[in-house]
Structures are given as structure tokens and as C-alpha cells.
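K.L.:
Below is one structure. I have some questions about it.
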Amino acid sequence: MRIPKFLEDGGTIGFAAPSFGCNIEPYKSGFISAQERFKSMGYKLEIGENCYKGCGTGISNTPAKCGQELNSFMAGKRADAIISCGGGELMCEVLDYVDFDGITKAEPVWYMGFSDNTNMTFLLPVLCDTAAIYAPCAPAFGMREWHKSIHDAFGVLTGRTSVVNGYGMWERESLKTEENPLEPYNVTEKRETKYYNCNTPDGSEISGRLIGGCLDCLGILVGTKYDKVAEFNERYKEDGIIWFMEACELNVMSIRRTLWQLAHAGWFKYVKGFLIGRPACFGNGLFGLDQYKAVTDILGEYNVPVIMDLDIGHLPPMMPLISGARAHVRASGNDISIEFKF
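With the sequence shown counted from 1, adding 13 to any position gets you this note's numbering.
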């Protein structure tokens, strides 16, 4: 696995928009504020051509132009690290225009983003053997006061943070609006970690190689030409695989269907454990199925730890995770730490 060089003091941060751009509020103001923050920290910036665009369907621009922008950053080395402008809906359509061969041959650079950006943070390790960071997008770095999770995300990007921990409280209702675009996370809910198939009823330790992302995107990739998960699994079978997953627009039935699909595609071969983030449909069951049975009824057959309601994904804060890196997970009660090993 290629681990990109960490962002150095005074380095160049690039911004790309292969999914939504920052053309509307509150994202535009958040993005501008993030740029001001990074410049005040001494970093140089490289703004991609699509960062303020909104003319595409479910993404910032046409798939071809979004692909060209990504290639210029990932294969052309316009910056030392890239942070995506946002998630969106149809980044999968950009993949046909991404030069994965060129990225594999080029010097690796960090790519950071989440949600629709799973299309890169997942495929970079799988196709290009290059680690990526599943973490907040650019506008989050513009919030008035950085949450610990934002400090952690930037710490991972700079190499100053190699261990991340759960945050204790999470946000059910955001205070961020078009009129107040720089509001910090409104953390009001206590995180309560759920355990299944673990070493003890309230704890577990897992070592392996991290891979995963947003289930909304992962399910779309199954069976396509980008589905090289079998090869990835074989490359790293000695490490074993730790899957991290979360869901955005999927309800509990869709979560269960998608996990069934990934399981039957053989994606969970050599799995050592599952880290499951709070779904955006948190607390909303259907026909007697809740968010826990939606997961454990499918993943329970692997007889490995399943740790749920973690700080991963669309209900912030989120722990930054290095997709493709080896990691050691220690979880006990409501405490969890993830140590990245390079």
C-alpha cells in the first residue's frame, strides 16, 4: 500500500469538486472560510476549476470535466494533498474519466472526503494501492470553531495524528444554515457504542487493514469494472480486513439489501471485524426492522466483531479513517481508539 507523503508546513492544499461544488450556501461561505483558515496557517492553495460550479447533474460539472480536474491533481501533482469540496449524488459517473493507471504511476498524494467521495477514497486503495482519508470535506474546515474531529482530520493529513478516538457526543440537528454557515457542530446526543460478536459484551480489539466508506456508493460499484475487491482481499489476506461502513440516504431495508449484496459478491472474505457508523436514518425502523438487525442479521454469519453507532459518516462528528492503512482498534464501553500503522 502506498502511503502518500504527509502535508508539510507551508505545503500546497488542493481543492477539487468531483461531486458537488461550493456554489450555494452554506457550503460556499464555509469553503471560503476554510481557505482563509488554511492561508492563515501558512499553507498555499490550489483551487480546482469546478470548485464553485453547479452546472452538472448531481455533481459540479460534466463527468468529463470533473474527471479532468481530478486527473490534474492526482496524476498531474498540482498540490501536495487534495480535499474534496463536498459530497453529492453521481460521482460514480466521473469514474469513466479518471485516469487510474496514471494515478497508479504518479507519486501518490492524499485525497480527503467522504460520502459520494467513497468513489475515490475506496477505489484509490483498491485500484491504485494508494491510501486515502475518509473524513470531512472542505467546508467543514471553515466552521467558526474547529471540533476535535476537524483537528484530528487535519492531524491525519499532516501526519501529526496517528491515533483517533471517539468523541462522546454527536449532532442530531445541525444549526448550520444559509444565514449562519460557519456554525460549529451542535453536539447534543451521547454516543452509546453497540457491540455484537465481540470478545466481551462491551469491548473488542481488532487488527487488520481498513477499507470501506458509504454504503450508498459501495453497493453501486459491485459487479462493475471497478470492482477489484477480490484482488484487494487476496493482496492483503495476511493482514485481514477491517470494514468500516455507514449510510446516507438508505433506510434500514436498503442497508440490509446492500450488505446482502456485498456479502454475496464475496467482499467480506478475510474480514476481521466491522466498524459501523451511525446511519442518517438513525432511530427509524421499518416493519419491525431496526438499524441494528439490518446489519447484524447479515454480518453476524462472519463471527467477527461488529461495533456499531460509531463516529463515522453523516451524523457528525466523524473520526478520520485512513482507507487502505493497517490499523489496530481498541474498543471498551463507550471508548474507542483506532491506531494507524504505516
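Note that beta-carbon positions come from the ideal geometry of N, C-alpha and C, so glycine has one too. Quantities reported herein were computed from a predicted structural model and do not represent experimental measurements.
Go through its chain and collect everything with a Cβ distance to Thr25's Cβ below 6 Å, but skip five positions before and after it.
P.N.:
Around Thr25: Lys57, Glu59, Ala92 and Asp93.
K.L.:
Does DSSP put Lys59 in a helix, a strand or coil?
P.N.:
The residue asked about is misnamed: residue 59 is Glu in this sequence, not Lys. Looking at Glu59 - three-state DSSP - the assignment turns out to be strand.
K.L.:
Ignoring anything shorter than 3 residues, give me the beta strand (DSSP E) runs that lie fully in the region 315 to 346, in order along the chain.
P.N.:
Runs of the beta strand (DSSP E) inside the region 315 to 346: 319 to 323, 334 to 336 and 339 to 345.
K.L.:
Taking the continuous alpha helix (DSSP H) assigned at Trp273, which residues delimit it?
P.N.:
Note, Trp273: alpha helix (DSSP H), Val265 to His277.
K.L.:
What residue ranges within the region 20 to 105 form continuous beta strand (DSSP E) runs of no fewer than 3 residues, ordered along the chain?
P.N.:
For the region 20 to 105, whole beta strand (DSSP E) runs of length 3 or above, ordered along the chain, are 25 to 29, 57 to 60 and 94 to 97.
K.L.:
Please classify Asn246: is it buried, with 16 or more other beta-carbons within 10 angstroms of its beta-carbon, or exposed?
P.N.:
Asn246 is buried by the Cβ-count criterion.
K.L.:
Can you tell me the Cα-Cα spacing of Glu251 and Gly115, whole angstroms?
P.N.:
Approximately 28 Å, taken between the alpha carbons.
K.L.:
Among Gly301, Gly155, Gly279 and Tyr124, whose alpha-carbon lies nearest the alpha-carbon of Ala29?
P.N.:
Residue Tyr124 is the option with its Cα nearest to Ala29.
K.L.:
My guess is that Ala144 and Ile335 are in contact by the Cβ rule of under 8 Å, so how many angstroms apart are they, rounded?
P.N.:
Between Ile335 and Ala144 the Cβ distance is about 5 Å, and since that is below 8 Å, they are a contact.
K.L.:
Tell me where the alpha helix (DSSP H) around Cys141 begins and ends.
P.N.:
Leu136 to Cys141 is the span of the alpha helix (DSSP H), which, as asked, contains Cys141.
K.L.:
Measuring straight from C-alpha to C-alpha, what distance separates Gly216 and Leu312?
P.N.:
If I take the Cα positions, the gap works out to 18 Å.
K.L.:
Kindly give me the distance between the Cβ atoms of Thr131 and Cys227, rounded to whole angstroms, as I take these residues to be in contact under 8 Å.
P.N.:
Contact flag correct, Cβ pair sits at about 4 Å.
K.L.:
Please report how far the alpha carbon of Asp303 lies from the alpha carbon of Ser267, in whole angstroms.
P.N.:
If you take the alpha carbons of Asp303 and Ser267, they lie about 12 Å apart.
K.L.:
Under 7 Å between the Cβ atoms of Thr271 and Gly301?
P.N.:
No; because the gap between Cβ atoms is not below 7 Å, this pair is not in contact.
K.L.:
Span of the alpha helix (DSSP H) holding Asp129?
P.N.:
Element bounds for Asp129: n/a, residue is neither H nor E.
K.L.:
Since Gly155 and Ile45 should fall inside the 8 Å C-beta cutoff, what is the C-beta to C-beta distance between them, to a whole number of angstroms?
P.N.:
7 Å between Cβ atoms; contact.
K.L.:
Taking the straight line between their C-alpha atoms, what separation do you get for Ile72 and Tyr198?
P.N.:
Answer to the nearest angstrom: the Cα atoms are 25 Å apart.
K.L.:
Given 6 Å as the limit, tell me if Phe281 has its C-beta closer than that to any heavy atom belonging to the ligand FAD.
P.N.:
Absence of the ligand FAD from the depicted structure is noted, as is the absence of any ligand whatsoever, leaving it without description.
K.L.:
Of the residues Lys238, Asn264, Gly27 and Met258, which one's Cα is nearest the Cα of Arg95?
P.N.:
The displayed chain sequence assigns Ile, not Arg, to residue 95. Taking only the C-alpha atoms, the option nearest Ile95 is Gly27.
K.L.:
If you draw a straight line from the C-alpha of Glu38 to the C-alpha of Lys161, how long is it?
P.N.:
Using only the alpha carbons, I get a separation of about 24 Å.
K.L.:
Are the CB atoms of Gly286 and Pro318 within a distance shorter than 7 Å?
P.N.:
In contact: Pro318 and Gly286 (Cβ atoms closer than 7 Å).
K.L.:
I need the straight-line Cα distance from Met133 to Ile146, nearest angstrom please.
P.N.:
When rounded, the distance between both Cα atoms is 10 Å.
K.L.:
If we ignore side chains and look at the alpha-carbon of each, how far apart do Met321 and Gly298 end up?
P.N.:
Taking the straight line joining both Cα atoms gives about 16 Å.
K.L.:
Quick one: is Asn84 buried, meaning 16 or more other Cβ sit within 10 Å of its Cβ, or exposed?
P.N.:
Its Cβ being crowded by 16 or more others within 10 Å, Asn84 is buried.
K.L.:
Between the alpha carbons of Tyr283 and Val139, how many angstroms are there, rounded?
P.N.:
Each residue's Cα considered, the two are about 15 Å apart.
K.L.:
Taking the alpha-carbon of Cys150 as reference, which of Gly67, Gln274 and Gly34 has the nearest alpha-carbon?
P.N.:
When each option's Cα is compared against that of Cys150, the closest is Gly34.
K.L.:
In the structure shown, what three-state DSSP assignment does Val284 receive?
P.N.:
Three-state DSSP puts Val284 in a strand.
K.L.:
Determine the DSSP secondary structure at Leu234, reduced to helix, strand or coil.
P.N.:
Here Leu234 sits in helix by DSSP.
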